[in-house]
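Read through the structure below, which is laid out as structure tokens, and then see the notes.
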Amino acid sequence: MNLKKYLVRALHRLQKGPGYTYKELLVWYCDNTNTHGPKRIIKEGPKKKLIWFFLTLLFASLVFWQWGILINTYLSYNVTSSLSIGFKTMKFPAVTICNANPFKYSEVKPLLKELDRLIEAALERILQPTPGNSTENTSLPLNLELWNQIPLVLIDEHDKDNPIILDIFETNQTACSHQGSENCTYRNFSSAAQAVTEWYILQSTSILSKVPLHERIRMGYQAEDMILACLYGAEPCNYKNFTQIYHPDHGNCYIFNWGMDEEALNSSNPGAEFGLKLILDISQQDYIPYLSSAAGARLMLHQQKSFPFLKDQGIYAMAGTETSIGVLVDELERMGYPYSDCTLNGSDVPVRNLYSQYNTSYSIQACLRSCFQNHMVEICGCGHYMFPLPEGVSYCNNEDNPGWAYCYSSLRSSIKQRQICIDSCKETCNDTQYKMTISMADWPSEASEDWIFHILSYERDMSTNVTLDRNGIIKLNIYFQEYNYRTISESAATTIVWLLSSLGGQFGFWMGGSVLCLIEFGEIIIDSLWITVINVISCGAQRAQGPSSPSAMVGTGADEHQQQDRGTGGRSDSEVPPAQLTLPHTTECCSKFTESQFREYLLHMSTLCPSPFSPSWFSFEGRRTNSPQTHCSLQNYSTQAEPEPSKPLNPPECQQGT
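Right under this line is the structure:
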């Protein structure tokens, strides 16, 4: 069986389906489709055909336009947020407490001695900016090496057109231009208080960065000195129930219910009596005067096994007060890709998380700080003291990295660097936030402060002498206000069900179609491709056989081969035995004709009488029967009468329309 014969037989609907030309296929589709409009195009008069053609084209265009909008809306992956309120027993949050002052001044004073003398002299000259002041007026010589690295200058702007820049120590150092340069960063402050504090923090950072971690921990506030009393619900607790971590901004910090080495505690009931109660001693008399201008305790509520970023999310508790913190819980549930760019655990974030050394979970704050530190190590050659270090890298200091402060300042103010980190880091898909309601009252009262300070001093120092006062004592109450919690969850605004129903609704409204109509359209495309393949193979076979014989040239050659393919399904006369060739439903029988002669006659008659003998109205069909007799017939699709024997068809009579 040759390829053409196989393809023709594979084409479905050979008996009553479309013809083997594109025009016949299109007419058949318009006549049989379930879509409204195409049927009217082929069945109405010329004017109505034109009207229906334009209407069908218009509404089809509207359908495709609406489909484009719907698909674009679906691919936008928009989300909707829903708020639900639940009630359950909840885990008590992790509570981190720190002193606002990171180190005891008595412990770090030897390290900061030169820096303190320098800032005291600078303040003296700022308060009395007279030309006679100089370094010789001080009792001891000043080490101006620190000053010359990052100098402070006083700008007198009484005359805004001609401001006066006063060199505080008259070191004749060239001040930065207001534009700055590669090795010079210019920062302006409206107050000397701000300038001195920022300058002192920058210089002390360089000094403390060279101190080993265990020494910095020793110089900070210890848990047994800071935590005077602890009570969780009805159960007593003490400093041993807290986990110590070192925080660069606040020194030693202590976390209650962190969940690292112990199981997280559940809250038995809402209310202040079932929460955490603490009494803290912040030892305000031992504060570093130029480093910490605020006094109190810094605290933060956060999830278990997460690192506390107190500088961003912490709150202050004031000394000499009782601070009550009522907690409400919000749970956030974000949808992942492609609806939102969030991460479950940070494994798909391209930034190396430097806070993983604490065995804490991923957070957006940890990612942003790790990103900044990685960039600083790459650009400046050292790491900033306030962030964890990658392996094999040291902290920046003035001795080993003289220009680190300028590099840090320019990197911190770089919008490009900030945007890179924002684009690289992702929010967590699931997060828990604690909303706090804070109230304060003086504590202890004047009537009770005497006996309270006596008892607390005795319990801490085992002495009857009062060593505590109102300026160093803080009382904290942390509790759930209620067990109601809010869940803010995201869901897809457009789903595949919405898309399919919307597409179908638009198609049905404008065209009266359905999914089956789309299948019909796909079917007609497949048929067109199939016919194209058959025609290509036929042309190739004709070229291989050479020019046709004269006897076959009745009508046009292309039409003849097309009709042969349609009539016999690709079979030659020799392939179908005469006894098996039947032409049913005849108007005139001509048994003396061979199949090839009848086909030639049919094509010839279609040119003379196109109305009754049009090939598009008739088909020549081979059918297998058990009858040994051969019949040939001209079958009209609408004719179903049995063949009647007659004399052979006379071509002249047919030409006369008989």
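Position in the sequence shown (from 1) plus 69 gives the number in the working numbering.
Even glycine gets a Cβ: it sits at the ideal position worked out from N, Cα and C.
As the structure is a prediction and not an experimental result, all values here were calculated from the model.
Residues bridged to residue i [DSSP beta-bridge criterion]
i      : result
ARG438 : Answer by DSSP bridge pairing: none, since ARG438 is not bridged.
ASN553 : PHE156
ASN321 : TYR315
GLY395 : THR506, TYR548
ARG367 : CYS167, TYR385
ILE543 : LEU349, THR390
ASN335 : LYS160
CYS411 : GLU496
Spatial distance of residue i from residue j (CA atoms)
i      : j      : result
GLN631 : ASN103 : For GLN631, the predicted model reports a pLDDT of 43, less than 50, meaning its position is unreliable; a value from the coordinates is still stated below. Roughly 29 Å separates the two Cα atoms.
LEU180 : ALA363 : 22 Å
PHE490 : LYS279 : Sequence inspection shows Cys at residue 490; the Phe mentioned does not correspond to that position. Straight-line Cα distance between these residues: approximately 28 Å.
ALA561 : GLN354 : 57 Å
PHE373 : ASN428 : One detail in the question is off: residue 373 reads as Gln in this sequence, not Phe. Approximately 11 Å between the Cα atoms of the pair.
LYS118 : LEU95  : 15 Å
LEU184 : PRO220 : 13 Å
ARG481 : LEU572 : 51 Å
ILE594 : ILE603 : 14 Å
LEU83  : PRO107 : Confidence in LEU83 is poor, its pLDDT being 42 and thus under 50, which makes the residue's placement unreliable; the coordinate value appears in the next sentence. LEU83 and PRO107: Cα-Cα distance of roughly 23 Å.
THR266 : ASN257 : 13 Å
SER508 : THR392 : 6 Å
PRO471 : GLY452 : 13 Å
GLU468 : TYR454 : 15 Å
ILE195 : PHE172 : 27 Å
PHE168 : LEU379 : The displayed chain sequence assigns Asn, not Phe, to residue 168. Computed Cα separation, rounded: 11 Å.
ASN553 : SER153 : 10 Å
ASN735 : ILE140 : The question about residue 735 has no answer, for the chain in this structure spans 70 to 727.
ASN101 : SER558 : 50 Å
PHE590 : LYS485 : 53 Å
GLN263 : GLY302 : 43 Å
GLN442 : LEU277 : 18 Å
VAL112 : CYS586 : In the sequence as presented, Val is not what sits at residue 112; that position holds Lys. Going from the Cα of LYS112 to the Cα of CYS586 covers about 19 Å.
ARG640 : GLN575 : For ARG640, the predicted structure reports a pLDDT of 42, less than 50, and the residue's modelled location is therefore unreliable. A value from the coordinates is still provided. Taking the straight line from one Cα to the other gives about 47 Å.
LYS366 : MET387 : Residue 366 is actually Ala in this sequence, not Lys. In a straight line, the C-alpha of ALA366 is about 7 Å away from that of MET387.
SER175 : MET288 : 9 Å
HIS319 : LEU271 : 15 Å
PHE311 : CYS299 : 10 Å
MET404 : ILE110 : 49 Å
ARG438 : TYR527 : 43 Å
TRP327 : SER336 : 14 Å
Run of the alpha helix (DSSP H) containing residue i, from where it starts to where it stops
i      : result
TYR385 : Looking at the DSSP string, TYR385 is not in any alpha helix (DSSP H); the run it does join, the beta strand (DSSP E), is 384 to 386.
ILE489 : 484 to 493
ASN597 : Checking the sequence shown, residue 597 turns out to be Ser, not Asn. 584 to 614 is the extent of the alpha helix (DSSP H) around SER597.
LEU271 : 261 to 277
GLU284 : 282 to 288
ALA562 : Segment: none, ALA562 is in no alpha helix (DSSP H) and carries neither H nor E.
LEU423 : Looking at the DSSP string, LEU423 is not in any alpha helix (DSSP H), and its letter there is neither H nor E.
LEU131 : 115 to 144
ILE730 : There is simply no residue 730 to check, as the chain begins at 70 and stops at 727 in what is shown.
ASP519 : 518 to 530
PRO63  : Coverage of the chain is limited to positions 70 through 727, which leaves residue 63 absent and any answer about it impossible.
LEU184 : 174 to 196
ALA341 : Unbroken run through ALA341: none, as it is neither H nor E.
VAL462 : Where VAL462 is concerned, there is no enclosing alpha helix (DSSP H), given that its DSSP letter is neither H nor E.
LEU95  : 91 to 101
Continuous beta strand (DSSP E) stretch holding residue i: start and end
i      : result
ASN499 : 499 to 511
PRO305 : 304 to 306
Whole-number beta carbon distance between residue j and residue i, since they are thought to touch under 8 Å
i      : j      : result
ILE357 : VAL177 : 7 Å
MET505 : GLY395 : 7 Å
TYR408 : VAL148 : 5 Å
GLY389 : ASP511 : 6 Å
ILE314 : ASN307 : With 8 Å as the limit, ILE314 and ASN307 do not qualify as a contact, their Cβ atoms being about 18 Å apart.
MET580 : PHE128 : 6 Å
THR556 : MET369 : Rounded, the Cβ-Cβ distance is 22 Å, inconsistent with contact.
CYS436 : CYS494 : 4 Å
LEU11  : PHE456 : Any question about residue 11 goes unanswered here, given that the chain covers just 70 to 727.
LEU360 : TYR269 : 6 Å
THR563 : THR142 : 6 Å
LEU525 : LEU349 : Not a contact, Cβ separation roughly 11 Å.
Closer than 8 Å to chain C by CB, residue i
i      : result
GLN372 : Protein chains in the displayed structure number just one, and chain C is not present.
Should the region 567 to 574 be regarded as contacting the region 504 to 517, the criterion being three or more beta carbon pairs within less than 8 Å?
The answer is no - the region 504 to 517 does not touch the region 567 to 574, with fewer than three Cβ pairs under 8 Å.
Do three or more CB pairs link the region 154 to 174 to the region 334 to 346 at distances below 8 Å?
Because the criterion of three Cβ pairs below 8 Å is met, the region 154 to 174 and the region 334 to 346 touch.
Touch check for the region 280 to 297 and the region 334 to 341: three-plus C-beta pairs under 8 Å?
With a cut-off of 8 Å on Cβ pairs, the region 280 to 297 is not in contact with the region 334 to 341, counting fewer than three such pairs.
Determine contact between the region 494 to 506 and the region 390 to 408, defined as no fewer than three beta-carbon pairs at a distance below 8 Å.
Contact holds: three or more Cβ-Cβ distances are below 8 Å.
With contact counted as at least three CB pairs below 8 Å, one residue from each stretch, are the region 117 to 137 and the region 523 to 540 in contact?
Segments in contact, no.
Under 8 Å, with one C-beta from each stretch per pair, do the region 431 to 444 and the region 414 to 421 reach the 3-pair mark?
Yes, since at least three Cβ pairs between the region 431 to 444 and the region 414 to 421 fall closer than 8 Å, the two stretches touch.
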